[in-house]
Ligand SMILES: [Zn+2]
Ligand SMILES: [Zn+2]
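Here's what the structure looks like:
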């Protein structure tokens, strides 16, 4: 079980099925210390709510509410759909390639767009599900770019648990991340509440590949919070 889960979806995403409070209450019952609500950005019709970002403060005692967004590539030059007025409220910015980007463009194009997005948007903290077979990328090139900006690469528990990504591809991603030495973070990418905090599907892989604990942000709440503190100036100036 994760101490802090940095990737979850609520009803504010089109694919979400739970309220914020349901997610946070579940976290409390599981002993999860912090949860980032990271609904999709506006390019995927995610709801960007002013009151959520501006006014909601830790509504469930004992669980730290982190505010995030899972952003999308828009256009071809590494532009992303983070709404600038909300950037200052964000604790964590995720970036993933989703269905608003056409599939079938090939690894070179997806890789170039992700690298451009990292260079152009220093607020991006975590690259999500690089092991999505619909959008192949050059793991090594992206991991080097992440190392340069300090961003982390996600190991997505749901993609493996739901078999949305072949194990061999995920193993390759973990091997490359270990080799390049950029930061790795395990998240649940929760949609169904039962998935919250889950890391069981990918934990054996970390052991098998032998990723050093110091490289894994999700090893402890302290490591996650230190990472977010380190990166806060990219959002709040
Ligand atoms: Zn995603
Ligand atoms: Zn997601």
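In our numbering, the protein residues as written are 1 to 237.
We put the CB at the ideal spot given by N, CA and C, even for glycine.
### Message
Taking the straight line between their C-alpha atoms, what separation do you get for residue 44 and residue 128?
### Response
Answer to the nearest angstrom: the Cα atoms are 15 Å apart.
### Buried versus exposed, by CB contacts within 10 Å (16 or more), residue 106
With fewer than 16 Cβ atoms within 10 Å of its Cβ, residue 106 is classed as exposed.
### Message
Considering only the alpha carbon of each residue, which of 157, 125, 124, 170 lies closest to residue 138?
### Response
Taking only the C-alpha atoms, the option nearest residue 138 is 170.
### Query
So what does residue 183 bridge to, in DSSP terms?
Assignment of beta-bridge partners to residue 183 by DSSP yields 152.
### Message
Are there any heavy atoms of ligand 1 lying less than 7 Å away from the beta-carbon of residue 195, as far as the coordinates show?
### Response
Residue 195 has its CB no nearer than 7 Å to any heavy atom of ligand 1.
### Task
Spatial neighbours of residue 180 within its chain, please: CB distance less than 7 Å, with the 5 preceding and 5 following residues excluded, ordered by chain position.
If we look at residue 180 and ignore the five residues flanking it on each side, its Cβ neighbours are 140, 143, 144, 147.
### Query
Quick check: the stretch 118–127 against the stretch 64–82, are there 3 or more CB pairs under 8 Å?
Proximity of the stretch 118–127 to the stretch 64–82 meets the contact definition, three or more beta-carbon pairs being nearer than 8 Å.
### Message
Quick check: is any heavy atom of ligand 2 less than 7 Å from the C-beta of residue 22?
### Response
Because no heavy atom of ligand 2 lies under 7 Å away, the Cβ of residue 22 does not count as near it: no.
### Message
Only counting the same chain, and skipping five residues up and downstream in sequence, which positions put a Cβ closer than 8 Å to that of residue 210?
### Response
Same-chain partners within the cutoff: 178.
### Task
Identify every run of the beta strand (DSSP E) within the stretch 32–100, keeping only runs that are complete inside it and at least 3 residues long; order them along the chain.
Counting only unbroken stretches of 3 or more residues, the beta strand (DSSP E) elements lying wholly within the stretch 32–100 are 34–40, 64–74, 92–96, in sequence order.
### Message
Would residue 60 and residue 32 qualify as a contact pair, given that the criterion is a beta-carbon distance under 8 Å?
### Response
It is not a contact, given that the beta carbons lie outside the stated cut-off.
### Query
ligand 2 heavy atoms versus the CB of residue 125: any closer than 7 Å?
No, the Cβ of residue 125 stays beyond 7 Å of every heavy atom of ligand 2.
### Message
Is residue 234 near ligand 1 - that is, is its Cβ less than 7 Å away from at least one heavy atom of it?
### Response
Checking every heavy atom of ligand 1 against the Cβ of residue 234, none is found closer than 7 Å.
### Query
Starting from residue 229 and walking both ways along the alpha helix (DSSP H), at which residues does that stretch end?
Boundaries of the alpha helix (DSSP H) around residue 229: 221–231.
### Query
Any heavy atom of ligand 1 closer than 7 Å to the Cβ of residue 98?
For residue 98, the Cβ falls inside the 7 Å cut-off from some heavy atom of ligand 1.
### Task
Compute the distance between the beta-carbons of residue 91 and residue 161, then report whether it is under 8 Å.
Not a contact, by the Cβ cut-off of 8 Å.
### Message
Can you tell me whether residue 111 is helix, strand or coil according to DSSP?
### Response
Looking at residue 111 - three-state DSSP - the assignment turns out to be helix.
### Task
Could you tell me the distance, in whole angstroms, from the CA atom of residue 100 to the CA atom of residue 53?
So the alpha carbons of these two residues sit roughly 24 Å apart.
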